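The opening residue of the sequence shown carries number -4 in this note's numbering; numbering runs sequentially from there.
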Amino acid sequence: MRAMRLLTVFAAVVIAANSLTVGWARGGAPVEKDYYVYVAAESDDAVFLVQFGPEGGEVMKRIPVGMYPTEIEGPHGVRVSPNGRHWYVSIAHGNPYGYVFKYETGDDVSVNDVKAGLFPATMDISRTTGLMFVVNFNLHGDMEPSTVSVIDTASMAEIAQIEQGMMPHGSRASPDGKFHYSVGMMSDDLYEIDVMKLAVSRKLHLTKEHGEHRTEEHAMAVVRPTWVQPHPTKRVVYVALQGANQVAEVDLDGWKITRRFHTQNGPYNLAISSDGKMLLATCKPNHSTAIWDLEAGRELASVPASRRITHGVTVSPDNRFAFVSVEGVGGDPGTVDVIDLHTFETRASIDVGKQASGIDLWKME
């Protein structure tokens, strides 16, 4: 099966995609570098390599992923390794379990895969241990606590599953790689995992400051957290509270919420510039991306998407551009919008496969 998959990927990689959609905004300094991002298309069973540079933006490759050509398997999360040599994609819809696939960057050849839990979604890699943490979102059957799969990226073997809340999402490691953070979307909890101990070290219930208290384990969620993003230099994390239209700042030393940013409807995924100055939030039902000044605690801009339903966001290391995946609806393709973080204008919109989801930057040169 793996040999057949490798042949399929190789054949697809040598075919250059014809999709080229560039929408230049007025103003903005010239683009001097080339930026490369990987983005998954959940209803297309493919990952796209997108390039943006001085000549605009285009799809460089369409890479089919998954194991069953006749089924929609739903690639969801995409993550590039810290050294840039490999990228990983979670295949959400399994029989019943999902998988994580490992590919080489550049030639985009499949290296290995591993079975994870029910509906594996977002993932991140610890810089300290090289272990990957994949949240198993679990859309199957009755709502119950799910797990985070821990995967050894060298051997692509699952070495542990750590139980946490209902519908875990937003997998992100701390900058030093010692802790992992995720949220239980339907249990309103923030979880901290000790990477060395492979165990939950702390849990914060995110509705307490609303005066909300669940009376039973499976009560309806209130704030429905969907993402957690550590600050690159400070001892804080930011949590998207989709149900409250807020982003909460959590102090890791005091383990409590210290600030709340009121957003447009439905903040979903978050990113922070490498200098720690800007917070970006995709507001999914508002079809926009909000950009915040973290020090001042004020919104700088709300950038409308080129199509409907914003999803993922990643920021270039030079803090010049944000790359946003936009799902699209109906017969529309997914899109990658490129936002200029100097002017807050959309510099390019590049069409990819349907239901664009996970996105991560590979390199700039």
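Where a beta carbon is used, it is the ideal one built from N, C-alpha and C, also for glycine. Source: prediction; values computed, not measured.
About 5 Å separates the Cβ atoms of residue 132 and residue 162, confirming a contact at the 8 Å cut-off.
Looking from the CA of residue 360, the closest CA among 31, 25, 24 belongs to 31. Per DSSP, residue 162 lies in no beta strand (DSSP E) segment and is marked neither H nor E.
A residue is called buried once 16 or more other Cβ atoms fall within 10 Å of its Cβ, and residue 337, having fewer, is exposed.
Shortest Cα-Cα distance from residue 310 to any of 293, 290, 331, 322 involves 331.
Measuring C-alpha to C-alpha distances from residue 115 to each of 172, 99, 156 identifies 156 as the nearest. In the three-state scheme derived from DSSP, where H, G and I count as helix and E and B as strand, residue 78 is classed as coil.
In the three-state DSSP reduction, residue 280 falls in the helix class (H, G or I).
The count of Cβ pairs closer than 8 Å, one atom from the segment 133 to 151 and one from the segment 103 to 121, reaches three, so the stretches are in contact. A straight line joining the alpha-carbon of residue 71 with that of residue 25 spans about 33 Å.
Residue 75 sits close to residue 83, with the two beta carbons spaced by under 9 Å.
In the assembly as shown, residue 250 is an exposed residue. Its beta-carbon has fewer than 16 other beta-carbons within 10 Å.
If only uninterrupted beta strand (DSSP E) runs of at least 3 residues are considered, those enclosed by the segment 268 to 354 are 273 to 278, 283 to 288, 293 to 299, 305 to 310, 316 to 321, 330 to 335, 340 to 346. Annotation for residue 139: no beta strand (DSSP E) segment contains it, and DSSP assigns it neither H nor E.
For residue 219, no beta strand (DSSP E) run applies, since DSSP gives it neither H nor E.
In the DSSP annotation of this structure, the continuous segment of the beta strand (DSSP E) that includes residue 115 starts and ends at 115 to 120.
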